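Chemist: At position 273 of the sequence shown the residue is numbered 259 (our numbering), and the sequence of numbers has no breaks. Every residue gets a Cβ at the ideal spot worked out from N, C-alpha and C, and that includes glycine. In this text the structure is predicted, and so the values were computed from the model without any measurement. The structure follows.
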Amino acid sequence: MAGGHFASVIRALLAGLALSAAPSMARAGAGPVDVSAVITVDMASVIAGDGDARLRALTNIDVMADIDLAALAGWQGARAFVYVLDNRGGRPNDSAATLQGVNNIEVPKAGLRLFEAWIEQDLGGGANVRAGLYDLNSEFYANESAGVLLSPSFGIGSELASTGPNGPSIFPSSALAARLYVPVGDGGSFVRAAVVNARASTLGYSGGVDLSFRDGVLLIAGASKIEGPLRGSVGVWHYSRNPHDIYDAGPDGKPLRKPAQGTYVVVEGDLLSGKAR
């Protein structure tokens, strides 16, 4: 990316931050079903460079329901979660033309979709297992600081986000998965492991939820520490089937199949203690 164009993207992000409406949240529920909704509206424009300077509006609506299955159906130690996602509006990256995008609520195709729908069962000792449509980035390769940033690349690294036939199970399309959580000690440390359908596809997309698993699965595991002045996580991931490589081709011109795997490390810490001096 040329330096001038890069600077224009930075200015566009700053403009988006200034014009971004604060998310509006509503919540209803004091019983076994707790429903909440969040509406986010962003305004973005590339103000210099080769792209057009048209102002684009993007909207993101999250509707979530947390269901206590013990209270609702007598299923002890179980809860369910349903998350419906709707995205509309312009696509600022059509103008900015960056590889990773400039706004984390921009989607290739506007629409309403079922993002998550899973059941979680307590196993005792703080451990639990979760199964259903699952957002990988809600627990893996995630960090608290990214929640205040607009750029998609801060949410999850592109070396994992760009894998899979339709991307991994992250915003805006999820996949069927099973995830295990086990706490370690009492200092906010834990390990997680998950098996995720390699093809992300859910209700709201052509074909709906993929049940064939014809592209194999994504295996991922990680350890995290979420308390204290220094926090972070480390993880490893591997696809069970070698996908088509996006660069290398064989003598016949067909893409080669190569292993898709990697590791990630995320570290964040407090620069100030937050205590009055």
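#1: Can you give the Cα-Cα distance for serine 226 and glycine 193, rounded to whole angstroms?
#2: From valine 253 to isoleucine 156, what does the alpha carbon distance come to, in whole angstroms?
#3: Going by Cα to Cα distance, which pick from Gly17, Asp80, Gly143, Ser22 is closest to aspartate 54?
#4: Look at the alpha carbon of serine 144 and the alpha carbon of proline 245, and state the distance between them as a whole number of angstroms.
#5: Pairing CB atoms from the region 73 to 87 with CB atoms from the region 105 to 122, are three or more of them under 8 Å?
#6: Distance, Cα to Cα, alanine 217 vs glycine 173?
#7: DSSP has asparagine 73 in a bridge; who is on the other side?
#8: Which two residues bound the contiguous beta strand (DSSP E) that contains aspartate 201?
#9: Can you grab the Cα-Cα spacing for the pair threonine 149 / alanine 117, in whole Å?
#10: Just checking my contact of proline 151 with arginine 185 at CB under 8 Å: how many whole Å lie between their CB atoms?
#11: In three-state terms, what does DSSP make of leucine 109?
#12: Expressed to the nearest angstrom, what Euclidean distance is found between the alpha-carbon atoms of leucine 204 and alanine 163?
#13: According to DSSP, is asparagine 123 helix, strand or coil?
#14: Do you know whose CA, among Val177, Asn89, Ala128, lies nearest proline 138's CA?
#15: Return the first residue and the last residue of the beta strand (DSSP E) that asparagine 183 is part of.
#16: Using CA coordinates, which residue listed in Trp223, Gly214, Gln247 is at the minimum distance from serine 259?
#17: So what does DSSP say about leucine 189, is it helix, strand or coil?
#18: Whose C-alpha, out of Val115, Val182, Arg165, is nearest the C-alpha of arginine 200?
#19: Does DSSP classify aspartate 28 as helix, strand or coil?
#20: Here's the rule: buried if 16 or more other CB atoms are within 10 angstroms of the residue's CB, otherwise exposed. What is valine 170?
#21: What is the DSSP secondary structure of serine 259, reduced to helix, strand or coil?
#22: Check each candidate in Arg65, Val115, Val220 and name the one with the smallest Cα separation from isoleucine 142.
#23: Report the rounded CA-to-CA distance for glycine 255 versus tyrosine 127, giving the unit in angstroms.
#24: How would you call arginine 243, buried or exposed, if buried means at least 16 neighbouring beta carbons within 10 angstroms?
#25: Give a yes or no on whether the C-beta atoms belonging to lysine 211 and serine 175 are separated by under 8 Å.
#26: Spatial neighbours of leucine 146 within its chain, please: CB distance less than 8 Å, with the 5 preceding and 5 following residues excluded, ordered by chain position.
#27: Please classify glycine 112: is it buried, with 16 or more other beta-carbons within 10 angstroms of its beta-carbon, or exposed?
Modeler: If we stick to the structure as given:
#1: 23 Å
#2: 21 Å
#3: Gly17
#4: 17 Å
#5: no
#6: According to the sequence displayed, residue 217 carries arginine and not alanine. Going from the Cα of arginine 217 to the Cα of glycine 173 covers about 11 Å.
#7: Asn46, Gly97
#8: Premise fails: aspartate 201 is in no beta strand (DSSP E) and is neither H nor E.
#9: Between the alpha carbons of threonine 149 and alanine 117 lies a distance of about 22 Å.
#10: 5 Å
#11: strand
#12: If you take the alpha carbons of leucine 204 and alanine 163, they lie about 9 Å apart.
#13: helix
#14: Closest option to proline 138, Cα to Cα, is Asn89.
#15: Asparagine 183 -> beta strand (DSSP E) spans 175 to 183.
#16: Gly214
#17: strand
#18: Closest by alpha carbon: Val182.
#19: strand
#20: Counting the other CB atoms within 10 Å of its CB gives valine 170 a total below 16, which places it among the exposed residues.
#21: coil
#22: Isoleucine 142 has its Cα closest to that of Val220, out of Arg65, Val115, Val220.
#23: 16 Å
#24: exposed
#25: yes
#26: Tyr127, Pro154, Trp223, Gly248, Tyr250
#27: Counting every other CB atom within 10 Å of its CB across the protein chains shown gives glycine 112 a total below 16, marking it as exposed.
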